[in-house]
Each structure stands twice: as structure tokens, then as C-alpha cells.
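Novice:
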Amino acid sequence: MSEQESKGLSRRSFMKGAAATAGAALGSGVITGFPTYWAQASKDITITHVGSIYTTNPTVAEQANKDLGFTIQMQTLDNTTLINRLLTQPETVDVADFGNTSMGYFKNKGILMAIPVSEYKYWDQTVPLFTQGTYADGKPYSMQGYAPIKSQYWADASAQEYSTAPTDWLVGIPVMYNADTLGVRPDLVPHKVESWGDFFNSDFAGKVALQDGVNVGVPDAAVALEAAGLMTYVDKGNMTREEIDKTIDLLIELKRAGHFRSFWTNFDQSVQLMASGEVILQSMFAPAATEVRTRGIACQYLPLKEGSRGWYIFQSAMAHLDSGDKLRRDCVMEYMNWCNSGFNGVYFSRQGFYSSVPDLMKAQMSENDYGYWYEGKPATADIIDPFGKVMEKAGAVRDGGSLWDRMGNVGIWNTLMDEDRYLVRRWQDFMAA
Amino acid sequence: MSSMTMSPRIASWLQATPFTLIMTCLVMVPLAIILAVSFMDYGFAEIIPEFYLGNWTDLFRSSLTVDTYATVFRQLAMVWSITLVLGFTISYYLVFHVRSNMWRAIFLAACAIPFWTSGPIRMISWVPLLGREGLVNQALFGMGLIDQPISWLLYSEFSVILVYVNMLTMAMAGPIANSMAKISPSIIQAARDQGASEWQVIQEVIIPLIKPGIVVGTIFIITAVMGDGFLVRAMSGNQMNTPAVAIMNEINAFQFPPAAAKSVVLLVIVLGMVGLLLRFVDIRKELAR
Numbered sequence: 122m123s124e125q126e127s128k129g130l131s132r133r134s135f136m137k138g139a140a141a142t143a144g145a146a147l148g149s150g151v152i153t154g155f156p157t158y159w160a161q162a163s164k165d166i167t168i169t170h171v172g173s174i175y176t177t178n179p180t181v182a183e184q185a186n187k188d189l190g191f192t193i194q195m196q197t198l199d200n201t202t203l204i205n206r207l208l209t210q211p212e213t214v215d216v217a218d219f220g221n222t223s224m225g226y227f228k229n230k231g232i233l234m235a236i237p238v239s240e241y242k243y244w245d246q247t248v249p250l251f252t253q254g255t256y257a258d259g260k261p262y263s264m265q266g267y268a269p270i271k272s273q274y275w276a277d278a279s280a281q282e283y284s285t286a287p288t289d290w291l292v293g294i295p296v297m298y299n300a301d302t303l304g305v306r307p308d309l310v311p312h313k314v315e316s317w318g319d320f321f322n323s324d325f326a327g328k329v330a331l332q333d334g335v336n337v338g339v340p341d342a343a344v345a346l347e348a349a350g351l352m353t354y355v356d357k358g359n360m361t362r363e364e365i366d367k368t369i370d371l372l373i374e375l376k377r378a379g380h381f382r383s384f385w386t387n388f389d390q391s392v393q394l395m396a397s398g399e400v401i402l403q404s405m406f407a408p409a410a411t412e413v414r415t416r417g418i419a420c421q422y423l424p425l426k427e428g429s430r431g432w433y434i435f436q437s438a439m440a441h442l443d444s445g446d447k448l449r450r451d452c453v454m455e456y457m458n459w460c461n462s463g464f465n466g467v468y469f470s471r472q473g474f475y476s477s478v479p480d481l482m483k484a485q486m487s488e489n490d491y492g493y494w495y496e497g498k499p500a501t502a503d504i505i506d507p508f509g510k511v512m513e514k515a516g517a518v519r520d521g522g523s524l525w526d527r528m529g530n531v532g533i534w535n536t537l538m539d540e541d542r543y544l545v546r547r548w549q550d551f552m553a554a
Numbered sequence: 372m373s374s375m376t377m378s379p380r381i382a383s384w385l386q387a388t389p390f391t392l393i394m395t396c397l398v399m400v401p402l403a404i405i406l407a408v409s410f411m412d413y414g415f416a417e418i419i420p421e422f423y424l425g426n427w428t429d430l431f432r433s434s435l436t437v438d439t440y441a442t443v444f445r446q447l448a449m450v451w452s453i454t455l456v457l458g459f460t461i462s463y464y465l466v467f468h469v470r471s472n473m474w475r476a477i478f479l480a481a482c483a484i485p486f487w488t489s490g491p492i493r494m495i496s497w498v499p500l501l502g503r504e505g506l507v508n509q510a511l512f513g514m515g516l517i518d519q520p521i522s523w524l525l526y527s528e529f530s531v532i533l534v535y536v537n538m539l540t541m542a543m544a545g546p547i548a549n550s551m552a553k554i555s556p557s558i559i560q561a562a563r564d565q566g567a568s569e570w571q572v573i574q575e576v577i578i579p580l581i582k583p584g585i586v587v588g589t590i591f592i593i594t595a596v597m598g599d600g601f602l603v604r605a606m607s608g609n610q611m612n613t614p615a616v617a618i619m620n621e622i623n624a625f626q627f628p629p630a631a632a633k634s635v636v637l638l639v640i641v642l643g644m645v646g647l648l649l650r651f652v653d654i655r656k657e658l659a660r
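These protein sequence lines map, in sequence, to chains A and B. Residues 122 to 554 (this note's numbering) are what the first sequence spells out, left to right. Residues 372 to 660 (this note's numbering) are what the second sequence spells out, left to right.
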């Protein structure tokens with residue numbers, strides 16, 4: 122499909138429903154050969170989509186069911202349950218979402234489908250973070266941690282090993298991504314925070330929190346330790362045993378000295394820690410910082426000198442679809458295309474996540490929304506989230522600026538280290554200390 | 372059935388069958404699987420079915436086991452002694468001092484009020500109370516007793532014990548009150564008539580008679596504290612590791628074999644403690660009384 126054609130595909134025309142658009146809109150040759158009875162036959166198909174709270178919600182499910190000629194059943198699961206389900210009962214799932222911290226679990230398992238690039242309509246409009254492994258300007262990004270390009274392509278159709286060089290088979294279709302940084306209470310910090318190194322500055326002793334875990338909390342700690350000059354790493358996102366030992370020993374020392382106030386396990390805890398003033402500097406996810414602000418409490422989420430911690434969520438289809446009902450597989454591909462075509466992307470963009478096809482979003486978001494969320498422009502009117510809540514007043518500028526200001530300096534990616542087994546074991550020692 | 376005859380032997384077998392089946396399928400078989408898995412190796416979210424002793428050698432050689440059990444036993448001892456004192460006092464007042472049945476019912480219902488809200492909500496609501504800017508610190512500050520907030524009120528062993536006591540006191544008070552209610556007033560009257568003081572009545576008459584209640588309450592406390600991972604994580608701000616928390620950490624990392632080994636050890640220890648307690652008091656006999 123040419124760029125020209127796909128840009129002309131407005132959300133409205135696309136959403137007239139798969140029945141009407143299957144022939145017309147998809148007639149560009151990407152998904153070919155749908156007989157006219159397709160819409161009729163697919164009516165009875167139900168697609169099971171399991172995902173996180175960020176990627177599955179009733180509003181989007183309702184719209185999908187309206188637009189497509191078949192039924193989408195969404196299930197929201199916590200990450201542990203979701204991965205366990207995919208690994209032990211993959212046949213009960215058609216479509217699943219997961220992030221870079223889970224990508225290490227799918228190699229050599231044979232549970233995910235190798236998605237042919239030719240069956241995903243928007244690949245040529247997808248940001249090069251995923252397609253090429255570079256920023257928009259073509260510069261390569263940090264390869265520390267599970268960088269997108271490390272798990273974007275299958276080496277071949279057998280879907281066993283990843284390839285960092287582009288191939289014809291996708292591990293997943295990138296849905297959303299963002300760059301995380303430290304959350305700061307500007308009204309309570311003793312001085313301005315500009316480096317991750319401040320996390321271990323004694324001025325903040327007893328007033329910092331880390332995410333509790335080896336995939337996000339440990340990378341955050343490693344970036345901060347390196348910035349503070351306490352550690353050096355070859356690759357913070359994939360440490361050696363020796364680096365793990367040194368890191369954990371340092372963290373134990375700091376914990377015993379009372380440096381940490383808490384470790385959080387979920388969104389609500391991180392919001393509460395910040396809003397209540399228990400901590401003034403901590404690991405945080407972008408929507409949590411926004412949530413603190415909507416309560417009328419100042420919370421900064423600024424990019425720091427050493428760069429941000431990047432993450433992404435892929436949407437994948439399960440391997441069993443390839444050997445099952447052809448019609449069902451077609452519906453799944455149709456649905457996955459739908460997910461990035463408009464409604465869904467606009468919905469989560471308005472919560473602060475980035476779509477992997479920003480140009481498509483631009484055509485479908487209001488100028489004010491797109492300007493605020495993607496372009497770093499001051500809001501010309503109040504910014505309202507998809508639930509109707511005012512997130513920012515007119516005049517506000519997004520922390521960190523535009524998409525590429527924020528996303529263009531990733532220092533490390535959320536990760537799952539090769540030495541995960543050893544790291545988890547040592548993390549247990551740290552927690553017990 | 373009247374025309375059919377069945378030997379008592381077969382009848383007993385049939386009666387025992389449903390429970391045997393449930394115990395076998397839902398308890399013994401899963402436990403056997405857990406035990407088997409604990410002797411296996413593991414990779415990224417996969418169990419490698421090869422004999423591997425590493426999970427067990429780590430358990431018995433590392434300081435992690437000692438540290439986590441030291442933490443949980445320390446917490447158990449504190450929670451048990453505090454809930455015992457509170458449970459006994461509350462039950463004693465309700466059973467022997469509140470004369471009206473209506474008031475007794477009202478007081479009992481009042482004890483249950485905190486449980487009307489869900490557990491997670493109750494856990495979250497401790498933060499505005501105990502936090503640095505919480506009510507307790509504000510009150511102490513207002514009274515001029517402190518000049519900067521006390522931080523050990525929250526995300527500390529103190530907050531863990533406090534919330535355990537809040538959640539578990541009724542588990543101790545219930546069985547004790549039940550045992551007390553079975554004490555015949557005439558026994559106490561007899562002791563009084565012999566000139567026993569209230570303290571002597573408690574010591575010589577009531578305590579020996581409520582031992583089964585104390586044992587049942589103790590079993591509740593042991594299983595609740597030893598098996599809990601959620602409360603201790605939330606209230607310590609994930610800064611404490613207990614055997615149950617360690618198992619949760621490994622399950623979240625999809626590392627099932629070491630989690631299985633830790634589960635077997637935890638189960639054996641808890642069963643051992645409960646078994647030991649049951650040697651002192653024959654609960655079945657006492658409850659049937």
C-alpha cells in the first residue's frame with residue numbers, strides 16, 4: 122500500500138465496518154482474496170484478546186465490535202497471569218499484548234505466530250524505532266536492555282529466534298511505547314533534579330522509591346548508580362553476574378542506611394507514595410505522574426541528563442491460528458490492523474501513550490490534542506482525557522516536549538536480562554536485607 | 372434401602388470415598404507435583420524436566436532461608452502475643468462482664484465493622500493515617516510532641532505488626548470467646564464462694580478451661596502470618612522478605628522449581644507447628660464438649 126492511499130483512509134471510512142471495507146479499503150492488495158461471503162461467515166467468530174489494563178478496555182472493545190463484522194472478547198489480566206496463560210494454554214488466546222520485559226519468554230517456545238509483514242497494512246508508516254532500530258532522524262538508539270529491534274523480527278517463519286536485521290516476519294505489531302523517567306515533587310525537593318544520580322544523593326535519603334522488580338527497578342537503580350559514579354557497566358540492561366553482585370551489594374548498603382522509603386509494585390502505590398509526600402523522587406510511569414497532577418499536586422516528569430527508560434507493548438497473534446481455521450486467522454489479522462488504524466490509538470494517545478503510527482493519529486486527533494500530546498505545543502484549550510477528566514489546562518506544555526524530544530534520548534530499555542535467574546536470586550537477598 | 376443389605380465394611384468404605392477422592396485429587400496429587408517440580412531445573416519461564424538439586428542446596432545453604440524465617444518467626448511471636456492479650460481481654464469482657472445478650476451482640480458486631488470494607492482498601496487507608504503527612508504525625512506535631520514527622524510509623528515492621536493485629540485479633544478472640552462461653556457459671560460461682568479473687572479465678576479456672584480456644588486461635592494466627600505475602604509486602608513497602616514473599620517473587624519471575632522447594636519447606640514447617648500444638652490439646656474432644 123502506498124503512503125498516499127493509506128493517508129486517504131480516514132478513520133470514518135475505515136470504521137464503516139469490516140463488512141463494507143473488506144473489499145474497498147483493503148482492496149489495495151495487502152489482504153487479498155476475501156470472498157464476498159466473508160463478512161457473513163465471520164459473523165459467528167469470537168476473537169479472544171488478552172492484555173493489560175492499558176491495552177484492553179470496554180470502550181475500545183465496544184468500538185471494535187461495532188466496526189468489525191465479528192466479536193472481540195477482551196480480557197484484562199495482570200502480567201504474571203497473562204504470561205502464564207500464554208505459556209500453558211496458548212490455544213485459549215488469539216491475540217495478546219505484552220511488553221519488552223516479557224520478550225525473553227517467547228524464544229524457542231513456538232506459541233507466537235510469525236506475522237507476515239505483508240499482512241500488516243501500516244508497517245511502512247510505523248516509526249523506525251521498530252522497523253529499523255533507529256530514531257526518526259535515522260540515528261541508532263541505545264541497545265541497553267530489551268531495545269525494540271532486539272525482539273521485533275523473527276529470524277524466519279519458524280518463529281523460534283529473534284533477528285535484529287529486518288525480515289519478513291514480525292514477532293508482534295507495536296501498539297504503544299513511551300519513555301519513562303523519574304517522578305519528582307518539585308515543591309519538596311531540596312534542589313533541582315537534573316540527573317539520575319540525584320536518586321542516590323544523600324539529600325534525598327529516606328525519600329526515594331524504586332519500582333519493586335528486576336525488569337524496571339533494577340535498570341532504574343543501575344542508571345542512577347552509574348550516574349552517581351558508584352558503578353560502571355558494560356550493558357546495564359544485561360548485566361554480568363559480577364555486575365549484578367556489585368549492584369546488589371551497593372543497594373543493600375543503601376537500604377541498610379535507610380536510603381529507600383519504599384518499593385512499589387503497582388500504579389496505585391506509586392501514585393499514593395508521590396501524592397502523600399512519602400517520597401519526593403521515584404521510579405514512575407508517565408500516567409502515574411499525570412494522575413498525581415490531576416489531584417492538584419505538583420509532579421514533574423522531566424527527561425534527565427542520562428536519558429530515559431524506554432518501553433513498548435507489542436500485540437501478537439498466537440501460533441495455533443496458522444494451523445487452524447483460515448477464516449479465524451483472517452479475522453485476527455483484520456482486528457490487529459484495526460487496533461492501529463485509529464480509534465484505539467487515539468484513545469490511548471489521549472492518555473499520554475504514543476502510537477507506533479503517529480501520522481495516522483494526526484489525521485484523526487483534534488489539532489489541540491495532537492499538538493499537546495505529540496508535538497510539544499502549548500494546549501490551546503483544556504486537555505481532556507478519554508474519560509472526560511480535565512488533565513491539563515489551556516496553555517500547558519507536555520513535560521519533556523514533543524514525541525522525539527521525549528523518545529529521542531533513551532538511555533536504557535525495560536529489560537529481561539540473560540542472567541535473570543541469578544538476578545532474581547540476588548534481588549531476594551536485597552529484599553531480605 | 373430397607374430391602375438391601377450391605378456389609379458395614381463396604382458402607383464405611385463408601386462413606387469415606389468422596390473425601391478420599393477429594394483429598395487425593397485436590398491435595399495429594401498437586402503436592403506430589405510440587406515436590407517433583409522442586410527437583411527440576413528451569414530456564415526462562417520453563418521447567419526443565421531434569422533432576423536438579425540446586426533448588427534444595429540453595430535453600431539449605433544460603434542465608435536467605437535463615438533471614439526470611441527469622442523475620443517471619445519474629446513477626447509471628449509479636450503478633451501472637453499481642454492478639455492473645457487483646458483477644459483474651461475482649462472475650463473476657465464480653466463473656467463475663469457484659470450481662471445483656473443484646474449488648475454482647477452489639478459489641479461483637481462492632482468488632483466486625485472494620486471487616487465491612489475490602490482488604491486492599493483497608494491496607495491503603497493506613498497511609499493517610501500513618502504516613503509522614505498522616506493524621507498521627509499531624510496530631511503529634513499539633514500537640515508539640517515532635518518537631519519532625521516520625522517515619523517509622525509506616526513502611527516498617529511496626530506498620531506490618533499493627534495491621535496484622537488489626538486483621539487477626541478477631542481470629543484469636545473468636546475461639547477464646549467460644550471456649551469461655553462454655554464455662555458453666557456455677558464453676559466460677561463455686562470458686563468465688565471459696566474466696567477466690569477475680570485474678571485467681573482467671574488463673575486457676577478460666578485459663579485452664581479455655582486452652583482449646585487459645586490453641587485454635589493460635590493455629591489461625593500461625594497459618595495467617597506464615598502464609599501471608601500480600602500484607603507484609605504492602606505494609607513494609609516491599610522492604611521485607613518472608614518465606615511466602617520469597618515464593619511470590621519467584622512465581623512472578625516464572626521460576627517455579629525454587630518456588631516449589633520453598634513451598635514444600637514452608638508447608639512442612641507450618642504442618643509441624645500445627646501438629647505440635649494439637650499434641651497438647653485434643654481439639655476434637657474439647658469442641659465436642
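Even for Gly, the Cβ is constructed at its ideal location relative to N, Cα and C.
1) Who are the Cβ neighbours of residue 642(B) in its own chain at under 8 Å, not counting the five residues just before and after it?
2) Tell me which same chain residues have a C-beta within less than 8 Å of the C-beta of residue 489(A), skipping the five on either side of it?
3) Reducing DSSP to helix, strand and coil, say where residue 421(B) ends up.
4) Looking at chain A, which residues of the segment 418-438 of chain B have a Cβ within less than 7 Å of any of its Cβ atoms?
5) For residue 234(A), which option in 290(A), 401(A), 204(A) has the closest C-alpha, if you only look at C-alpha atoms?
6) Is there a C-beta anywhere in chain B that falls below 8 Å from the one on residue 535(A)?
7) DSSP three-state label for residue 337(A), please.
8) Any beta-carbon of chain A closer than 8 Å to the one on residue 530(B)?
9) Between residue 629(B) and residue 426(B), how many whole angstroms is the CB-CB distance? I'm expecting something under 8 Å.
10) Give, in chain order, every residue of the segment 601-626 of chain B whose Cβ lies closer than 9 Å to some Cβ of chain A.
11) In whole angstroms, give me the CA-to-CA distance for residue 178(A) and residue 459(A).
12) Within its chain, find whatever has a CB closer than 7 Å to the CB of residue 475(B); leave out the 5 residues flanking it on each side and keep chain order.
13) Taking the Cβ atom as the reference point for each residue, do residue 306(A) and residue 407(A) lie within a distance shorter than 8 Å?
14) What does residue 502(B) touch in chain D if you count any residue whose Cβ is under 8 Å from its own?
15) Can you name the residues that DSSP bridges to residue 290(A)?
16) Over what stretch of residues does the beta strand (DSSP E) that includes residue 413(B) continue unbroken?
17) Give the DSSP-derived three-state secondary structure of residue 217(A) in the structure shown.
18) Could you work out which residues of chain B lie near residue 541(A), taking near to mean beta carbons separated by less than 8 Å?
19) Pick helix, strand or coil for residue 516(A), following the three-state DSSP scheme.
20) Taking 8 Å as the threshold (beta carbon to beta carbon), is residue 546(B) in contact with chain A?
21) Would you check if the distance between the CB atom of residue 525(B) and the CB atom of residue 501(B) is smaller than 8 Å?
22) What residue does the beta strand (DSSP E) around residue 330(A) start on, and which one ends it?
23) List in chain order: all unbroken beta strand (DSSP E) runs of 3+ residues lying wholly within the segment 415-447 of chain A.
24) Have a look at 169(A), 535(A), 360(A), 193(A) and flag the residue whose alpha-carbon is nearest the alpha-carbon of residue 210(A).
25) Sort 543(A), 400(A), 552(A) by Cα distance to residue 415(B) and report the nearest one.
26) Given a cut-off of 8 Å, decide if residue 497(A) and residue 478(A) are closer than it, judged by their beta-carbon atoms.
27) Would you say residue 499(B) reaches chain A, if we count a Cβ-Cβ gap shorter than 8 Å as a contact?
28) What is the rounded straight-line gap between the Cα of residue 224(A) and the Cα of residue 537(A)?
29) Compare the C-beta of residue 409(B) with all C-beta atoms of chain A and state if any pair is closer than 8 Å.
30) For a contact defined as C-beta to C-beta under 9 Å, what are the partners of residue 492(B) on chain A?
31) Considering only DSSP beta bridges, list what residue 402(A) is partnered with.
32) In this structure, how does DSSP classify residue 486(B) when only helix, strand and coil are distinguished?
33) How long is the line joining the alpha carbons of residue 505(B) and residue 498(B), rounded to whole angstroms?
34) Less than 6 Å between C-beta atoms, sequence neighbours within five positions excluded: which residues of the same chain meet that for residue 461(A)?
35) Cβ closer than 9 Å: which chain B residues qualify as neighbours of residue 226(A)?
36) Taking 8 Å as the threshold (beta carbon to beta carbon), is residue 365(A) in contact with chain B?
Specialist: According to the data block:
1) Excluding sequence neighbours, residue 642(B) sits near nothing in its chain.
2) If we look at residue 489(A) and ignore the five residues flanking it on each side, its Cβ neighbours are 500, 501, 502, 504.
3) Assigned with DSSP and collapsed to three states, residue 421(B) falls in strand.
4) For the segment 418-438 of chain B, which is checked against every Cβ of chain A, the residues closer than 7 Å are 435, 438.
5) Among 290(A), 401(A), 204(A), the Cα nearest to that of residue 234(A) is on 290(A).
6) With 8 Å as the cut-off, residue 535(A) does not count as an interface residue toward chain B.
7) Secondary structure at residue 337(A): coil, using DSSP grouped into helix, strand and coil.
8) With 8 Å as the cut-off, residue 530(B) does not count as an interface residue toward chain A.
9) Residue 629(B) to residue 426(B), Cβ: 4 Å. Contact.
10) Those residues of the segment 601-626 of chain B placed with their C-beta closer than 9 Å to a C-beta in chain A are 604, 605, 607, 608, 609, 610, 611, 612, 613, 616, 617, 620, 621, 622, 623, 624, 625, 626, ordered along the chain.
11) In a straight line, the C-alpha of residue 178(A) is about 15 Å away from that of residue 459(A).
12) Counting only Cβ-Cβ distances below 7 Å, and skipping sequence neighbours, we find 465, 469.
13) No; because the gap between Cβ atoms is not below 8 Å, this pair is not in contact.
14) Included in the structure are the protein chains A and B, with no chain D among them.
15) Residue 290(A) is bridged to 237(A).
16) Looking at the DSSP string, the run of the beta strand (DSSP E) that includes residue 413(B) is 411-414.
17) Looking at residue 217(A) - three-state DSSP - the assignment turns out to be strand.
18) Those within 8 Å of residue 541(A) in chain B are 415, 624.
19) Looking at residue 516(A) - three-state DSSP - the assignment turns out to be coil, as it is neither helix nor strand.
20) No, no contact with chain A.
21) In this structure, residue 501(B) lies closer than 8 Å to residue 525(B) by Cβ.
22) Start and end: 329-332.
23) The segment 415-447 of chain A contains these whole beta strand (DSSP E) runs: 429-438.
24) The shortest C-alpha to C-alpha distance from residue 210(A) to any of 169(A), 535(A), 360(A), 193(A) is the one to 169(A).
25) The candidate whose alpha carbon is nearest that of residue 415(B) is 543(A).
26) With respect to residue 497(A), residue 478(A) sits apart: the two C-beta atoms are not nearer than 8 Å.
27) With its beta carbon less than 8 Å from one in chain A, residue 499(B) belongs to the interface.
28) Counting only the Cα atoms, residue 537(A) lies some 8 Å from residue 224(A).
29) At a cut-off of 8 Å between C-beta atoms, residue 409(B) does not count as an interface residue with respect to chain A.
30) Scanning chain A for C-beta atoms nearer than 9 Å to the C-beta of residue 492(B) yields nothing, as the closest lies near 11 Å away.
31) Paired residue(s): 305(A), 329(A).
32) Residue 486(B) falls in the helix class under three-state DSSP.
33) Distance between the alpha carbons of residue 505(B) and residue 498(B): 7 Å.
34) 243, 478.
35) Neighbours of residue 226(A) on chain B, chain order: 415, 416, 417, 625.
36) With 8 Å as the cut-off, residue 365(A) does not count as an interface residue toward chain B.
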